[in-house]
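This report refers to the structure that appears directly beneath it.
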Amino acid sequence: AGLEEMKDQYMRAVGKIRGDMLRYLQESKERAAQMIRQEVLRERRDTARKMRR
Amino acid sequence: AGLEEMKDQYMRAVGKIRGDMLRYLQESKERAAQMIRQEVLRERRDTARKMRR
Amino acid sequence: ASRFLEEETLRSQELLQRLDAHIEDMREDTSQTVRKY
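Heads up: the protein sequence lines correspond to chains A, B and C, in order. If you're matching positions, the first sequence starts at 91 in our numbering and goes up one per residue. If you're matching positions, the second sequence starts at 91 in our numbering and goes up one per residue. If you're matching positions, the third sequence starts at 37 in our numbering and goes up one per residue.
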């Protein structure tokens, strides 16, 4: 019964790790998408500026 | 002994998870760097083309 | 750039499957340990 309890604790612990990893992956992707959007806008502005000159 | 065995199983699972995460993140970084290189080259070519016209 | 994000999504899904497989392996192993003792 003690082993059963330990098993539950370990399974919960590893489940929490999974949740943390999932959250981290989602945040990373959002950050990457935002960075890409910013880069695209910046390059458009830079190109427009160069063209005007 | 059962507790010891279970702790090993947990540590091994955590180790595998950590290894996979590290590999994934390393590959993400490499792919991002490559994409940025490609984008920069493309922008330069496009800008040069536009300037010539 | 959108291609990059699409592939990142695919790769993260594969990663999650791998993590779940590790967790399932651990579930089986720990269950075996409980039965053994």
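Backbone N, C-alpha and C define an ideal beta-carbon position, used for all residues, glycine too. A quick note: this is a predicted structure, and the numbers were derived from the prediction, not measured.
* Rounded to the nearest angstrom, how far is the Cβ of Glu-129 (chain B) from that of Ala-37 (chain C), given a contact under 8 Å? -> Position 39 of the second sequence, counting from 1, holds the residue named residue 129 (chain B). Position 1 of the third sequence, counting from 1, holds the residue named residue 37 (chain C). Correct: roughly 7 Å between the Cβ atoms.
* To do: Note down, in chain order, every chain C residue with its Cβ under 7 Å from the Cβ of Glu-95 (chain B).
  => Indexing the second sequence from 1 puts residue 95 (chain B) at position 5. Per Cβ cutoff of 7 Å: Thr-69.
* Mind checking Lys-97 (chain A): buried by the 16 CB within 10 Å criterion, or exposed? -> Along the first sequence, one-based indexing puts residue 97 (chain A) at 7. Burial is judged here by how many other beta carbons sit within 10 angstroms of a residue's own beta carbon; Lys-97 (chain A) has at least 16 and is buried.
* Asked: Which word fits Ala-123 (chain B), buried or exposed, when buried means at least 16 other C-beta atoms lie within 10 angstroms of its C-beta?
  -> Sequence index remark: in the second sequence, residue 123 (chain B) carries index 33 (1-based). Classification for Ala-123 (chain B): exposed.
* Residues in the region 48-72 of chain C with C-beta within 8 Å of chain B's C-beta atoms, listed in sequence order? -> Ser-48, Leu-51, Arg-54, Leu-55, His-58, Ile-59, Asp-61, Met-62, Asp-65, Thr-66, Thr-69, Val-70, Lys-72
* To do: Let me know the secondary structure DSSP gives Ala-103 (chain A) once reduced to three states.
  => Within the first sequence, residue 103 (chain A) is the residue found at index 13, counting from 1. Reduced to three states, the DSSP call for Ala-103 (chain A) is helix.
* **Supposed contact pair Leu-55 (chain C) and Ile-107 (chain B) - C-beta distance, whole angstroms, cut 8 Å** => Your numbering for residue 107 (chain B) matches position 17 in the second sequence. Your numbering for residue 55 (chain C) matches position 19 in the third sequence. The pair is a contact, with the Cβ atoms about 5 Å apart (cut-off 8 Å).
* Asked: In chain order, what residues of the same chain lie with their CB nearer than 6 Å to the CB of Thr-69 (chain C), ignoring the 5 residues before and after it?
  -> Numbered from 1 along the third sequence, position 33 holds the residue referred to as residue 69 (chain C). For Thr-69 (chain C), where only same-chain residues beyond five positions count, there are no Cβ hits under 6 Å.
* Do Leu-93 (chain A) and Tyr-73 (chain C) have their C-beta atoms within less than 9 Å of each other? -> Residue mapping note: residue 93 (chain A) aligns to position 3 of the first sequence, counting from 1. Residue mapping note: residue 73 (chain C) aligns to position 37 of the third sequence, counting from 1. Taking 9 Å as the Cβ cut-off, Leu-93 (chain A) and Tyr-73 (chain C) qualify as a contacting pair.
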